[in-house]
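Novice:
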Amino acid sequence: MFDTICAIATPLSAGSIGIIRISGEKSFEIISKIFNKPIKPEMINHGWIIDNETGQKIDEVVVLPFKNPKSFTGEDIIEIQSHGSPVIIREILNLVLRNGAKLAQRGEFTKRAFLNHKIDLSQAEAVLDLINAKTAKTASLAANNLSGSLKDEINSMRKKIIEILAKITASLDFPEDVKEVEYAEILSVLDFTKNKIEKILENAHCHNILREGIQIAIAGCPNVGKSSLFNALLSFQRAIVTDIAGTTRDTISENIDINGVSATLIDTAGIREGNIDKVEQIGVENSKTTIDDSDIILCLYDGENGAQSKDIEVFQMVDTCKKRLYIETKQDKTLKNIPQEDFNIGKTLENPIVISSKTNYGIENLKKIIFNEIIGANIEDTNFITNQRQQEALRAALSHIKMAQDACKMEELQDLISIDIKSALISLGEISGEVVNDEVLDRIFDAFCIGK
468 MFDTICAIAT PLSAGSIGII RISGEKSFEI ISKIFNKPIK PEMINHGWII DNETGQKIDE
528 VVVLPFKNPK SFTGEDIIEI QSHGSPVIIR EILNLVLRNG AKLAQRGEFT KRAFLNHKID
588 LSQAEAVLDL INAKTAKTAS LAANNLSGSL KDEINSMRKK IIEILAKITA SLDFPEDVKE
648 VEYAEILSVL DFTKNKIEKI LENAHCHNIL REGIQIAIAG CPNVGKSSLF NALLSFQRAI
708 VTDIAGTTRD TISENIDING VSATLIDTAG IREGNIDKVE QIGVENSKTT IDDSDIILCL
768 YDGENGAQSK DIEVFQMVDT CKKRLYIETK QDKTLKNIPQ EDFNIGKTLE NPIVISSKTN
828 YGIENLKKII FNEIIGANIE DTNFITNQRQ QEALRAALSH IKMAQDACKM EELQDLISID
888 IKSALISLGE ISGEVVNDEV LDRIFDAFCI GK
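Here's what the structure looks like:
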């Protein structure tokens, strides 16, 4: 039996309400000591929190009681909704602690939901993804995981593997009564599982980007329109823009949503050599470091003058393995009107992306091209998201499935084939939490905040 735990479930700052959550068998006992009315289960209870030692009123609150097993953790839960003063919230928390609860550890409420079989491990991890989601697309996919989309996909594979494994085991244990399973039948299940896993892993890179975001650097010589593009992509004036070369002395960053992908957009100082002061030199060095650390580089040059040798020198600083897009700026001055539908443009200086930050010409198209460069795969093909732990388990399962396939094609002994099939089943079980150790659980739930 677990201890009764409690924690603050809302940010500890001034706001309209604050929530203190209690979970465990003593939840109703504790609230009865500090609430001025009898608690009615499955109803909203309005009243006062009272210090049961002094009789002093602490705050007028709403109490929401949830009887097990109809609660998030599967235990008795009490949620106290108070006014959002940090002083009041702490005072109520301390009162709950004095009356028999213990302070919850990171992620302990969600961990109890998993241990009490209210959710599986993929759904528990989805809670964290949903909290940390930086874009609506990521939040939507995390919500799908929480509702069971990934769980259902894994279970569909595990069900077929368990069924074929049961048949193989029965034929091995009772050879006189149970006919040996046809190799074609085993291969059918293995092919089904292999295709499912490979389809998920095809989008693994895309999933990681959606969860973690990317870094985009805007690079180029001074006065080619980097800060103007930075502001245009953000849709507000964040960077100072002048005609004076070297206006941007240091890197400036902001978060931006690129069609559902969270990106850190960085405006770098113009890169040039020669007679520059110490402050600008530091900015140039910072720009070079930023370019090295970024996932995609927007290489800008002035469309009025065309790409000069100094521009080429800057672009050559970009690692050849980095994704880069060549962008010709100031279209409003060059009076060009180039169609912007072709997603292959921008790969070379001979065929750049042409934009005007002043008129916003080509800006939306640039976002689409960046998105296409980042994602590559079609994220509409999946309705869930995976993390690196889950991907490692899927790769391990896939490896065992392939070994079982090879053995099956050679019609090796089925007891040997069953070893790899069992190993694949164990790897898939790591995703749902059917097979998991305490070290993995601690690592997962330590990433949560206290109170969730």
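In my numbering, the protein residues as written are 468 to 919. For every residue, glycine included, the Cβ atom is placed at its ideal position computed from N, Cα and C.
Whole angstroms is fine: what's the gap from residue 679's alpha carbon to residue 647's?
Specialist: Near 48 Å, if we compare the C-alpha coordinates of residue 647 and residue 679.
Novice: For a test of the three-state rule: what should DSSP assign to residue 852, helix, strand or coil?
Specialist: DSSP places residue 852 in coil when its eight states are reduced to three.
Novice: On a CA-only basis, which of 908, 572, 498 is nearest residue 547? Give me that one, please.
Specialist: Checking every option, the nearest Cα to that of residue 547 belongs to 498.
Novice: I'd like the ranges of any alpha helix (DSSP H) spanning at least 4 consecutive residues and lying wholly in the segment 852 to 894.
Specialist: Whole alpha helix (DSSP H) segments, 4+ residues: 855 to 876.
Novice: Counting only runs that start and end within the segment 679 to 706, where is the beta strand (DSSP E) found for 3 or more residues in a row?
Specialist: Runs of the beta strand (DSSP E) inside the segment 679 to 706: 681 to 686.
Novice: From the DSSP output, in three-state form, read off residue 599 for me.
Specialist: Of the three classes helix, strand and coil, the one that applies to residue 599 here is helix, per DSSP.
Novice: Please state whether the Cβ-Cβ distance between residue 728 and residue 677 is less than 8 Å.
Specialist: Result yes, Cβ atoms of residue 728 and residue 677 sit closer than 8 Å.
Novice: In three-state DSSP terms, what is residue 505?
Specialist: Coil.
Novice: Compare the beta carbon distance of residue 639 and residue 881 with 8 Å and say whether it is the shorter of the two.
Specialist: Yes, these two residues count as a Cβ contact at 8 Å.
Novice: Flag this pair as yes or no: are the beta carbons of residue 563 and residue 473 separated by less than 8 Å?
Specialist: Yes, the Cβ-Cβ distance between residue 563 and residue 473 is below 8 Å.
Novice: Using only the alpha-carbon positions, how far apart do residue 756 and residue 856 sit?
Specialist: When rounded, the distance between both Cα atoms is 30 Å.
Novice: To the nearest angstrom, how far is the alpha carbon of residue 658 from that of residue 865?
Specialist: Going from the Cα of residue 658 to the Cα of residue 865 covers about 10 Å.
Novice: Buried or exposed for residue 839, please, with buried defined as at least 16 other CB atoms from any protein chain shown within 10 angstroms of its CB.
Specialist: So residue 839 ends up on the exposed side.
Novice: Using the Cβ count rule (16 or more neighbours within 10 Å means buried), how would you classify residue 505?
Specialist: Exposed, since its Cβ has fewer than 16 Cβ neighbours within 10 Å.
Novice: Is it buried or exposed for residue 692, if we count other Cβ within 10 angstroms and need 16 for buried?
Specialist: By the neighbour-count rule (16 or more Cβ atoms within 10 Å), residue 692 is buried.
Novice: Checking the sheet assignment: what are the DSSP bridge partners for residue 533?
Specialist: Its beta-bridge partners are 544.
Novice: If you drop the 5 nearest sequence neighbours on each side, which residues of the same chain put their C-beta closer than 8 Å to that of residue 491?
Specialist: Excluding positions up to five away in sequence, the list reads 469, 470, 471, 472, 542, 543, 568.
Novice: State the Cα-Cα distance for the pair residue 571 and residue 481, rounded to the nearest angstrom.
Specialist: Those two C-alpha atoms are separated by around 22 Å.
Novice: List, from N- to C-terminal side, the alpha helix (DSSP H) runs of 4 residues or more that fit wholly inside the segment 558 to 597.
Specialist: As far as the segment 558 to 597 is concerned, its whole alpha helix (DSSP H) runs of at least 4 residues are 575 to 582.
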